[in-house]
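Chains as they are written, first to last, in this note's numbering: chain A, 1 to 179; chain B, 1 to 179. For glycine and all other residues, C-beta sits at the position ideal for the given N, C-alpha and C. Computed from a predicted model, the values in this text were never measured in an experiment. Presented below is the structure to which this report refers.
There are 2 protein chains.
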Amino acid sequence: PAVLRLSVMTDELIKEHRATPFSPHYCLLLLLCPDHWVGYEYPEFQGQQFILEKGDYACYQAWSGNSSYRTEHMLSFRPIKCAKHSDSKITLYECEDFMGSKFEMCEDYPSLQAMGWCSKEVPSIKVNSGAWVGYQFPGYRGYQYIYERDRHQGEYRCYNEYGTQAHTNQIQSMRRIQQ
Amino acid sequence: PAVLRLSVMTDELIKEHRATPFSPHYCLLLLLCPDHWVGYEYPEFQGQQFILEKGDYACYQAWSGNSSYRTEHMLSFRPIKCAKHSDSKITLYECEDFMGSKFEMCEDYPSLQAMGWCSKEVPSIKVNSGAWVGYQFPGYRGYQYIYERDRHQGEYRCYNEYGTQAHTNQIQSMRRIQQ
């Protein structure tokens, strides 16, 4: 069954410690170990990013956040290295290249605007600790972007560095990826 | 513009302290005050539920969690009464009618299975404090169900009581609604 198919794929990834292309077209996912992965629309970690946590994903809508642009396949995967949940920290900046006023976050925020961030955009981001996911819309919806301390030295100077599919710097909710 | 239109609608709701039908077809939402609302697919709080937090919702995908069943309109709204974030507490039960083993939660969980909940289903739920939202899939995706201390006395004995659109008790992620 599909569950086993992806379990086997996950085992292979663990063994090889690198991601390989795989197309779970409409299949049932059961992610095993480690608990956190990011799937990509295209091979070589290109295109839309999809945060995957332990559970069943019965259809592509379960992992995709943007249904106006259907993405029914994921063609590369890699595990996410998280920090201890309570140690996670990220800094948002008002302008690109870490300029302007900044805001440090240690919690999940389903609405950055409710927290006091005055814009629907986040021009640059520095990850101090852990792994985070930002979302285009409030309530953890829309395009997803992963931000990690262990990649890019945790520095994301402009939206081009958020991901290969990022066309804007619109980020309206953000949360830690739990260890 | 659409932004103002819904601002006006929101003001009316606050003034009257009750929800009125409104159809924000593809419009840009900017929710003002209070910060948390639930929108419903149909009038009289029927059909799919959509948690709305402060921010811009530029298209229906921004609020809808299930794109296999498109819901481009919301026809009734009501505000959500939240608890202080750190005081929120909810209890999940293994069987209907609060039977079987139980688990108390005070945190957000993007994957209940990663937390140790062995099933992808939650048969009954008791809200001890605050307002919570449960999701069909991990990572806060899929159908959304709101659970509140101040409604049903916080008691949800079976999935029929989760909402008028609930066809199963599949709940794989859950979070507090922040005050």
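Between the CA atoms of residue j and residue i - distance to the nearest angstrom
i	j	result
C27 (chain B)	G55 (chain B)	Caution applies to C27 (chain B), whose pLDDT of 39 falls short of 50 and renders its modelled position unreliable; the value that the coordinates give is listed next. So the alpha carbons of these two residues sit roughly 13 Å apart.
E41 (chain B)	V38 (chain A)	32 Å
S111 (chain A)	Y57 (chain B)	12 Å
V127 (chain A)	Y162 (chain A)	12 Å
Y159 (chain A)	Y60 (chain B)	24 Å
L29 (chain B)	C95 (chain A)	Any reading at L29 (chain B) must be qualified, since the residue scores a pLDDT of 49, below 50, and its modelled position is unreliable; the value itself is stated next. Rounded to whole angstroms, L29 (chain B) to C95 (chain A) spans 25 Å at the Cα level.
I177 (chain B)	G130 (chain B)	8 Å
I51 (chain B)	I146 (chain B)	8 Å
G142 (chain A)	S64 (chain A)	8 Å
S119 (chain A)	E104 (chain A)	15 Å
A83 (chain A)	K89 (chain B)	25 Å
S86 (chain A)	E44 (chain A)	32 Å
H36 (chain A)	Q153 (chain A)	20 Å
Contact with chain A by residue i, beta-carbon distance below 8 Å
i	result
R157 (chain B)	no
F103 (chain B)	no
Q48 (chain B)	no
S86 (chain B)	no
E53 (chain B)	yes
Q165 (chain B)	no
A114 (chain B)	yes
F137 (chain B)	yes
DSSP state of residue i mapped onto helix, strand, coil
i	result
L112 (chain B)	helix
Y60 (chain A)	helix
N169 (chain B)	coil
Q179 (chain A)	coil
Y55 (chain A)	According to the sequence provided, residue 55 (chain A) is Gly. The question's Tyr does not apply to it. G55 (chain A) falls in the coil class under three-state DSSP.
S86 (chain B)	helix
G134 (chain A)	strand
D11 (chain A)	Legend: pLDDT at D11 (chain A) = 46, less than 50; position of this residue unreliable, no value from coordinates given.
G163 (chain A)	coil
E121 (chain B)	strand
E72 (chain B)	coil
E94 (chain B)	strand
Chain B within 8 Å of residue i, Cβ atoms only
i	result
A62 (chain A)	yes
P111 (chain A)	For the sequence presented, residue 111 (chain A) should be read as Ser rather than Pro. Yes - at least one Cβ of chain B is within 8 Å of the one on S111 (chain A).
D186 (chain A)	Since the displayed chain A opens at 1 and closes at 179, residue 186 (chain A) lies outside it and no answer follows.
Q178 (chain A)	yes
K89 (chain A)	no
K120 (chain A)	yes
Q153 (chain A)	no
Where residue i meets chain E, residues with beta-carbon distance less than 9 Å
i	result
R141 (chain A)	Among the chains of the structure shown, chain E does not appear; the protein chains present are A and B.
Range covered by the beta strand (DSSP E) that runs through residue i
i	result
S124 (chain B)	S124 to S129
H36 (chain A)	H36 to Y42
Q144 (chain A)	R141 to E148
S101 (chain B)	M99 to M105
R78 (chain A)	S76 to P79
Is the segment 121-138 of chain A touching the segment 164-175 of chain A, taking contact as three or more C-beta pairs under 8 Å?
yes
Does the segment 70-77 of chain A come into contact with the segment 99-115 of chain A, if we say contact requires no fewer than three beta-carbon pairs (one atom in each stretch) closer than 8 Å?
no
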